[in-house]
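In mature numbering (1 follows the signal peptide of the UniProt record, and there is no 0), the protein residues as written are -25 to -1, 1 to 329. Glycine included, every Cβ here is placed at the ideal spot set by N, Cα and C. Single-structure report; data block below.
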């Protein structure tokens, strides 16, 4: 890399590779593996050991068509068959908009080949999420999975797990409907049980269902509804720093999954990451009291400021279910200055009308 480092035009690539090195490696769950753009940048081949005994491959890209992703190829060394990640990302069932996997059903050697130029600058790349699940395990789960860029789910009874996948930050919304309760986790459908193998905490759960608006700062969210009632769920890429304080939700840094058994330094990464701080404004049209429930492992303060009543609250260190209540307010800000892996947090907020 010596020649690259001395060439000014290669500086963006160096920055890209530097971030990849700091938090390098795919996210390895017990039954699945999650890849991002940094796992392919500068690599000619990425082996898929998860597929040695068969696997399902799901992919999402943003935007929906991109020349760099078209040159990322799943290669079967036994048959010589190739399939691009771009093509996989478009596989879905027309009648339901559910994503369909690229299924590798037999034992074999599989890799993702990167046919792009090694020196491709980051401005010519785009975000991608590749979710590879052990085939036998996937067959044991009753799931439905959608892409945030194309989800058009009808108002129907959910399967055991509803998963939404996206290459970038996404917005997932459910309207208030029949009585229900649910648990949401920032994982795929392989880690949704309360006793899940990777000990992935919940992003949000409730015994009542008033609808939700989840701004998901990562590639996966899975929701398990306790009752088989009709539920309308939507998703898109309209992720925002402005939130509705009167709606249930949560805040987490990029790629956070909350899985205790995983290496916390390995998280999903986007080209524009927010590891070094973000601020969120939460408003409501009337006064509410909001209960904040926070899990964290951070060295810098998480700041929750009630702007209506000029009250500042902070949480830092390692905490589990730390609670803060912002009372009789219509404007709260949430701020963090740094959450670089292995640090992270999830801050859940639940409103009640005053």
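Can you have a look at residue i and say buried or exposed, based on whether 16 or more other CB atoms are within 10 angstroms of its CB?
{"i": "residue 203", "result": "exposed"}
{"i": "residue 166", "result": "buried"}
{"i": "residue 218", "result": "buried"}
{"i": "residue 226", "result": "buried"}
{"i": "residue 179", "result": "buried"}
{"i": "residue 221", "result": "buried"}
{"i": "residue -8", "result": "Legend: pLDDT at residue -8 = 47, less than 50; position of this residue unreliable, no value from coordinates given."}
{"i": "residue 100", "result": "buried"}
{"i": "residue 98", "result": "exposed"}
{"i": "residue 91", "result": "buried"}
{"i": "residue 260", "result": "exposed"}
{"i": "residue 328", "result": "exposed"}
{"i": "residue 303", "result": "exposed"}
{"i": "residue 169", "result": "exposed"}
{"i": "residue 270", "result": "buried"}
{"i": "residue 183", "result": "exposed"}
{"i": "residue 292", "result": "exposed"}
Within a Cβ cutoff of 7 Å, which residues of the same chain sit near residue i, ignoring the five residues on either side of it in sequence?
{"i": "residue 125", "result": "67, 72"}
{"i": "residue 120", "result": "33, 73, 74, 138, 140, 164"}
{"i": "residue 62", "result": "none"}
{"i": "residue -4", "result": "In this predicted model, residue -4 has a pLDDT of only 44, less than 50, meaning its place in the structure is not dependable enough to derive any value."}
{"i": "residue 45", "result": "59, 61"}
{"i": "residue 298", "result": "266, 267, 268"}
{"i": "residue 314", "result": "228, 250, 273, 320"}
{"i": "residue 27", "result": "82"}
{"i": "residue 294", "result": "269, 270, 271"}
{"i": "residue 153", "result": "204, 205"}
Who are the near neighbours of residue i in its chain, counting only those whose CB is closer than 6 Å to its CB and skipping five residues on each side?
{"i": "residue 151", "result": "185, 186"}
{"i": "residue 146", "result": "190, 211, 213, 214"}
{"i": "residue 172", "result": "5"}
{"i": "residue 148", "result": "188, 209"}
{"i": "residue 35", "result": "64, 104, 122, 140, 141, 142"}
{"i": "residue 248", "result": "229"}
{"i": "residue 288", "result": "279, 299"}
{"i": "residue 10", "result": "1, 105"}
{"i": "residue 158", "result": "177, 180, 199"}
{"i": "residue 306", "result": "258, 282, 283"}
{"i": "residue 77", "result": "32, 58, 63"}
Who are residue i's beta bridge partners in DSSP?
{"i": "residue 292", "result": "273"}
{"i": "residue 264", "result": "327"}
{"i": "residue 301", "result": "265"}
{"i": "residue 190", "result": "146"}
{"i": "residue 200", "result": "157"}
{"i": "residue 175", "result": "234"}
{"i": "residue 121", "result": "139"}
{"i": "residue 308", "result": "256, 280"}
{"i": "residue 322", "result": "226, 269"}
{"i": "residue 33", "result": "106"}
{"i": "residue 22", "result": "86"}
Identify, in the order they occur along the chain, each residue of the same chain with its Cβ nearer than 8 Å to the Cβ of residue i, setting aside the five sequence neighbours on each side.
{"i": "residue 136", "result": "116, 117, 118, 119, 164, 167, 197, 198, 199"}
{"i": "residue 144", "result": "190, 191, 192, 193, 212, 214, 229, 245"}
{"i": "residue 216", "result": "253, 254, 255, 256"}
{"i": "residue 69", "result": "none"}
{"i": "residue 308", "result": "254, 255, 256, 257, 278, 279, 280, 282"}
Is residue i near the ligand SAM, with its Cβ less than 7 Å from a heavy atom?
{"i": "residue 149", "result": "Annotation note on the ligand SAM: not contained in the displayed structure, which lists no ligands."}
Within the chosen definition, does the segment 74 to 86 reach the segment 43 to 58 through at least 3 CB pairs nearer than 8 Å?
The segment 74 to 86, when compared against the segment 43 to 58, does touch it at the 8 Å Cβ threshold.
Sequence ranges, beta strand (DSSP E) only - wholly within the segment 35 to 69, length at least 3
Along the segment 35 to 69, the beta strand (DSSP E) occurs as fully enclosed runs of 3 or more residues at 47 to 51, 57 to 59, listed in sequence order.
Runs of beta strand (DSSP E) wholly within the segment 126 to 164 (minimum 3 residues, chain order)
136 to 140, 145 to 149, 157 to 160, all fully within the segment 126 to 164.
Just list the beta strand (DSSP E) runs in the segment 91 to 116, keeping only unbroken ones of 3 residues or longer that don't cross its boundaries, in chain order.
Listed in chain order, they are 102 to 109.
Which runs of the beta strand (DSSP E) at least 3 residues long sit entirely within the segment 215 to 242? Give them in chain order.
The segment 215 to 242 contains these whole beta strand (DSSP E) runs: 217 to 219, 224 to 226.
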